[in-house]
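Here's the structure we're looking at; comments come further down.
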Amino acid sequence: EEEGEEGEEKTTKKKDRKRKRSVSVDSGEGSESESSNSEGEEKEEEEEKEEEEEDGETEHRKDRGGDRKEREKEAPAKPRPLHLTTSLFIRSIPPEFSKEDITNLCRRYPGFLRVALSDPQPERRFFRRCWVTFDRSVNIKETCWNLQNIRLRDSELSPVVNRDLCRRVRCVNGLTHHRPVVRNDIRLSARLIHSLDLKGALWQGHMETNPFLKNITDFLIEEVSAEEEELIGASGGNEEDKDPASSSEVAVETDDKLITVLDRLLLYLRLVHSVDYYNFCEYPAEDEMPHRCGLLHVRGPVPAAKITAAEVSEHQKMCEERLAPLFSVSESLSEEEAAKLGKKDPEQEVEKFLVANSQELSKDKWLCPLSGKKFKAPEFVRKHILNKHGDKVSAVRQEVVFFNNFLLDAKRPALPENKPLPPPQGSQGMTSFPGQSPQQQSLLGYPPGVRPPMPGFPGGGPPYNPNQFGAGRGNYDNFRGHLGGGGGGGGGFPPKPRNNRGVRGDPRSIIEYRDLDAPDDLDFF
62 EEEGEEGEEK TTKKKDRKRK RSVSVDSGEG SESESSNSEG EEKEEEEEKE
112 EEEEDGETEH RKDRGGDRKE REKEAPAKPR PLHLTTSLFI RSIPPEFSKE
162 DITNLCRRYP GFLRVALSDP QPERRFFRRC WVTFDRSVNI KETCWNLQNI
212 RLRDSELSPV VNRDLCRRVR CVNGLTHHRP VVRNDIRLSA RLIHSLDLKG
262 ALWQGHMETN PFLKNITDFL IEEVSAEEEE LIGASGGNEE DKDPASSSEV
312 AVETDDKLIT VLDRLLLYLR LVHSVDYYNF CEYPAEDEMP HRCGLLHVRG
362 PVPAAKITAA EVSEHQKMCE ERLAPLFSVS ESLSEEEAAK LGKKDPEQEV
412 EKFLVANSQE LSKDKWLCPL SGKKFKAPEF VRKHILNKHG DKVSAVRQEV
462 VFFNNFLLDA KRPALPENKP LPPPQGSQGM TSFPGQSPQQ QSLLGYPPGV
512 RPPMPGFPGG GPPYNPNQFG AGRGNYDNFR GHLGGGGGGG GGFPPKPRNN
562 RGVRGDPRSI IEYRDLDAPD DLDFF
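Under my numbering, think of the first position of the sequence shown as 62, with each following residue one higher.
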């Protein structure tokens with residue numbers, strides 16, 4: 062119908078044009094020659110032909126446009142390579158820079174996608190690392206060069222081009238194929254999924270439980286043939302004597318059904334919660350990084366050698382220890398713990414701010430240091446601060462909110478704790494000695510009467526007398542005994558002749574230059 066209406070409009074337009082032309086010809090002067098009339102008719106015919114050609118071209122274009130639209134509707138949408146990106150890496154972002162500052166700076170360049178910031182690093186003055194992601198089609202080196210010539214708040218960003226990931230899939234120990242290890246991994250991954258779903262408030266309005274955890278307990282129950290083994294062992298199982306060393310080693314036993322169940326759980330953890338199970342870590346802010354779902358650790362090839370029960374138990378214990386930080390549901394402290402750490406009350410802090418800015422100069426004379434005005438009573442100063450300096454009062458409240466949020470964060474940046482060193486064990490002379498108090502132990506873990514072993518000499522040195530150099534009581538007598546004064550309560554060196562003045566039994570004698578007429582040293586005592 063629309064095409065018919067358009068055709069009628071075109072014919073009416075052509076008739077109107079012919080009428081106008083005929084009227085113009087009839088209204089002309091009668092003195093015109095027949096040649097001019099013929100020329101006018103030829104021009105009219107040429108114009109009509111041009112109009113018909115233009116109408117045909119427009120109709121052809123419309124037909125082609127309609128065909129294109131139909132083809133676009135029929136053709137399926139091609140998937141875009143979202144994983145193909147280019148990015149820049151900025152090594153250090155000062156703490157005073159926000160994510161919006163970096164975004165506003167990089168948004169002016171073509172192909173900008175997103176910005177990712179790492180957590181503050183306490184060991185590097187709380188500086189952060191930054192990744193700026195661009196589309197794959199842009200010239201990333203040109204963008205990097207342009208950003209190098211820009212300073213943000215008098216700070217150089219110094220970006221570099223971030224390389225693509227070389228090994229996105231990495232293998233772990235093939236021991237993870239063993240059936241007891243797989244069953245233990247199913248148990249841990251199911252617990253981890255339940256904990257992370259609870260923390261993220263998933264599956265609470267739609268279903269009671271996660272469909273990936275449905276009937277998961279059927280694969281956690283171990284089935285054994287206890288009765289059959291008992292009967293076989295009672296009948297003839299003790300006839301063959303087996304080597305205990307060889308009986309403890311077993312080959313890796315795989316179970317495809319359990320592995321299929323485990324792979325579904327691990328894939329859910331990796332895609333939904335950004336947890337790489339076999340790497341025992343959670344990748345934070347992965348949706349903002351250049352490569353979403355960048356790394357994935359998988360099971361390695363099945364080992365050909367046999368494994369022992371000790372290796373299996375040690376691996377399972379290691380997995381539980383390294384996954385323990387991911388099981389914590391709450392990321393904030395309780396009110397009791399926050400109060401012990403010094404949580405602040407906004408109203409109390411505002412009251413302290415008002416008291417600190419109300420200074421009494423003399424009787425009935427108070428000063429507001431914020432504005433320099435003077436008042437007759439502190440109530441007027443308080444009212445003046447609340448009315449005229451409300452922005453500073455709001456800043457105090459905001460500072461309290463920031464402090465409390467930082468205090469309640471269980472994963473807040475903090476310096477690592479220095480753990481006490483374990484007591485030395487396993488070396489000669491380093492064993493603990495019973496019956497001695499910590500004060501009687503020396504710094505190296507040796508008792509006072511035992512010398513530590515010296516490098517280059519096997520074993521320990523001979524025991525020395527603790528009172529050798531005047532330690533304890535009788536040190537004055539020891540000094541006199543060393544000089545040949547006879548006796549002493551400390552048991553020092555025996556008396557030696559006067560001429561032998563070596564130190565600690567040194568065979569080299571000391572060369573002295575003294576006056577022969579001078580009195581002997583012992584005469585002073």
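The beta-carbon is built from N, C-alpha and C at its ideal position, and this holds for glycine as well.
Could you give the distance in angstroms between the alpha-carbon of T369 and the alpha-carbon of K378?
For this step, residue 369 is matched to residue 308 along the sequence shown. For this step, residue 378 is matched to residue 317 along the sequence shown. Answer to the nearest angstrom: the Cα atoms are 15 Å apart.
Below 6 Å CB to CB, which residues in the same chain sit around N245 once its five sequence neighbours on both sides are set aside?
One-based indexing of the sequence shown puts residue 245 at position 184. If we look at N245 and ignore the five residues flanking it on each side, its Cβ neighbours are Q377.
Where the alpha helix (DSSP H) through T164 begins and ends:
On the sequence shown, position 103 is the one that residue 164 refers to. 160-167 is the span of the alpha helix (DSSP H), which, as asked, contains T164.
Hey, out of F341, L402, M350, V359, whose CA is closest to H238's CA?
Counting from 1 along the sequence shown, the entry for residue 238 is found at position 177. Of the candidates F341, L402, M350, V359, the one whose C-alpha sits nearest the C-alpha of H238 is V359.
Is the distance from the Cβ of V457 to the Cβ of E410 below 7 Å?
Sequence index remark: in the sequence shown, residue 457 carries index 396 (1-based). Sequence index remark: in the sequence shown, residue 410 carries index 349 (1-based). By the CB criterion at 7 Å, V457 and E410 fall inside the cutoff.
Within 10 Å of its beta-carbon, does V222 have 16 or more other beta-carbons around it, so buried, or fewer, so exposed?
Walking along the sequence shown from the start, residue 222 turns up at place 161. When all chains shown are included, V222 counts as exposed.
Beta-carbon within less than 7 Å of S25's beta-carbon, same chain only, minus the 5 sequence neighbours each way: which residues are those?
What the structure shows of the chain is the stretch from 62 to 586, and residue 25 is not part of that stretch, so it cannot be assessed.
How long is the line joining the alpha carbons of C342 and L384, rounded to whole angstroms?
If you number the sequence shown from 1, residue 342 lands on position 281. If you number the sequence shown from 1, residue 384 lands on position 323. Computed Cα separation, rounded: 8 Å.
Provide the residue(s) that pair with I368 in DSSP beta bridges, ordered along the chain.
As a position in the sequence shown, residue 368 is number 307, starting the count at 1. DSSP output for I368 lists V311 as bridge partner(s).
Taking N234 as the reference, give the member of L394, P364, R473, F467 with the closest Cα.
As a first step, residue 234 is located in the sequence shown; it is residue number 173 there, counting from the start. Closest option to N234, Cα to Cα, is P364.
If you reduce the DSSP assignment to three classes, tell me which class R331 lands in.
The residue given as residue 331 occupies position 270 in the sequence shown. Look at R331 here: in three-state DSSP terms it is helix.
For chain D, is any of its Cβ atoms less than 7 Å away from the one on K367?
Among the protein chains of the structure shown there is no chain D, as only one such chain exists.
Burial state of S419 (16 or more Cβ within 10 Å)
Looking up residue 419 in the sequence shown gives position 358. With 16 or more Cβ atoms within 10 Å of its Cβ, S419 is classed as buried.
Limits of the alpha helix (DSSP H) - the one that H255 falls within:
Along the sequence shown, one-based indexing puts residue 255 at 194. Where H255 is concerned, the enclosing alpha helix (DSSP H) stretches over 240-260.
What ranges does the beta strand (DSSP E) occupy inside the stretch 394-457, keeping only unbroken runs of at least 3 residues that lie completely in it?
For the stretch 394-457, whole beta strand (DSSP E) runs of length 3 or above, ordered along the chain, are 420-423, 426-429, 434-436.
Given this structure, state the Cα-to-Cα distance separating K367 from R240, to the nearest angstrom.
Here residue 367 corresponds to residue number 306 of the sequence shown, with the count starting at 1. Here residue 240 corresponds to residue number 179 of the sequence shown, with the count starting at 1. For K367 and R240, the gap between their C-alpha atoms comes out near 14 Å.
Please give me, in chain order, every unbroken run of the beta strand (DSSP E) with length at least 3 that falls completely inside the stretch 153-216.
Taking only runs of at least 3 residues, the beta strand (DSSP E) segments lying wholly in the stretch 153-216 are 173-178, 189-196.
Per DSSP, H358 forms a beta bridge with which residues?
The count along the sequence shown starts at 1 and reaches residue 358 at position 297. R231, per the DSSP bridge assignment.
Do the CB positions of R197 and L145 come within less than 7 Å of each other?
Mapped onto the sequence shown, residue 197 falls at position 136. Mapped onto the sequence shown, residue 145 falls at position 84. In this structure, R197 places its C-beta atom within 7 Å of the C-beta atom of L145.
Straight-line CA distance for K435 to D452?
The residue given as residue 435 occupies position 374 in the sequence shown. The residue given as residue 452 occupies position 391 in the sequence shown. It is roughly 20 Å from the alpha-carbon of K435 to the alpha-carbon of D452.
The beta strand (DSSP E) spanning V222 covers which residue range?
Here residue 222 refers to the residue found at position 161 when the sequence shown is read from its first residue. That run of the beta strand (DSSP E) goes 221-223.
Touch test, the stretch 190-210 against the stretch 316-333, Cβ-Cβ under 8 Å, three pairs minimum:
Not touching, per the Cβ criterion.
Taking all protein chains shown into account, do 16 or more other C-beta atoms lie within 10 angstroms of the C-beta of W427, making it buried, or fewer, making it exposed?
Numbered from 1 along the sequence shown, position 366 holds the residue referred to as residue 427. Classification for W427: buried.
With DSSP run on the structure shown, which of helix, strand or coil describes F388?
Translated into positions along the sequence shown, residue 388 becomes position 327. Assignment of F388 by DSSP, reduced to helix, strand and coil, places it in the helix class.
Burial state of C227 (16 or more Cβ within 10 Å)
As a first step, residue 227 is located in the sequence shown; it is residue number 166 there, counting from the start. With fewer than 16 Cβ atoms within 10 Å of its Cβ, C227 is classed as exposed.
Select from E381, R248, I282, H255 the residue whose C-alpha is nearest the C-alpha of P272.
As a first step, residue 272 must be located in the sequence shown, where it is residue number 211. Ranking E381, R248, I282, H255 by CA distance to the CA of P272 puts H255 first.
Could you tell me whether the stretch 313-324 touches the stretch 148-168, where touching means 3 or more Cβ pairs closer than 8 Å?
With a cut-off of 8 Å, the stretch 148-168 and the stretch 313-324 do not count as touching, because too few Cβ pairs lie within range.
Using DSSP with H/G/I as helix, E/B as strand and the rest coil, what is V322?
Stepping through the sequence shown from its first residue, residue 322 is reached at position 261. Three-state result, V322: helix.
Give every residue of the same chain whose Cβ lies closer than 7 Å to the Cβ of D258, excluding the five residues on either side of it in the sequence, and list them in chain order.
The count along the sequence shown starts at 1 and reaches residue 258 at position 197. The answer, listed in chain order, is W264, N271.
Could you give the DSSP three-state label for L218: helix, strand or coil?
Looking up residue 218 in the sequence shown gives position 157. L218: coil per DSSP, three-state reduction.
Assign L263 to one of three DSSP states: helix, strand, or coil.
Position 202 of the sequence shown, counting from 1, holds the residue named residue 263. DSSP places L263 in coil when its eight states are reduced to three.
Of all the options L356, L469, Y344, H352, which has the alpha carbon lying nearest to the alpha carbon of E398?
Within the sequence shown, the letter at position 337 stands for residue 398. Here the closest residue by C-alpha is L469.
Grouping DSSP H, G and I as helix and E and B as strand, with all else coil, what is N466?
By 1-based counting over the sequence shown, the position of residue 466 is 405. Residue state for N466 is assigned as helix, using DSSP reduced to three classes.
Looking only at C-alpha atoms, which of E349, P220, L213 sits nearest to W206?
Taking the sequence shown and counting its residues from 1, the one referred to as residue 206 is at position 145. Of the listed residues, the one whose Cα sits closest to W206 is P220.
Identity of the residue in P439, V416, E412, L431 nearest S423 by Cα:
Here residue 423 refers to the residue found at position 362 when the sequence shown is read from its first residue. Of the candidates P439, V416, E412, L431, the residue whose Cα lies closest to the Cα of S423 is P439.
One or two residues paired with T147 in a DSSP bridge:
Position 86 of the sequence shown, counted from the start, is the residue given in the question as residue 147. In the DSSP assignment, T147 forms a beta bridge with F195.
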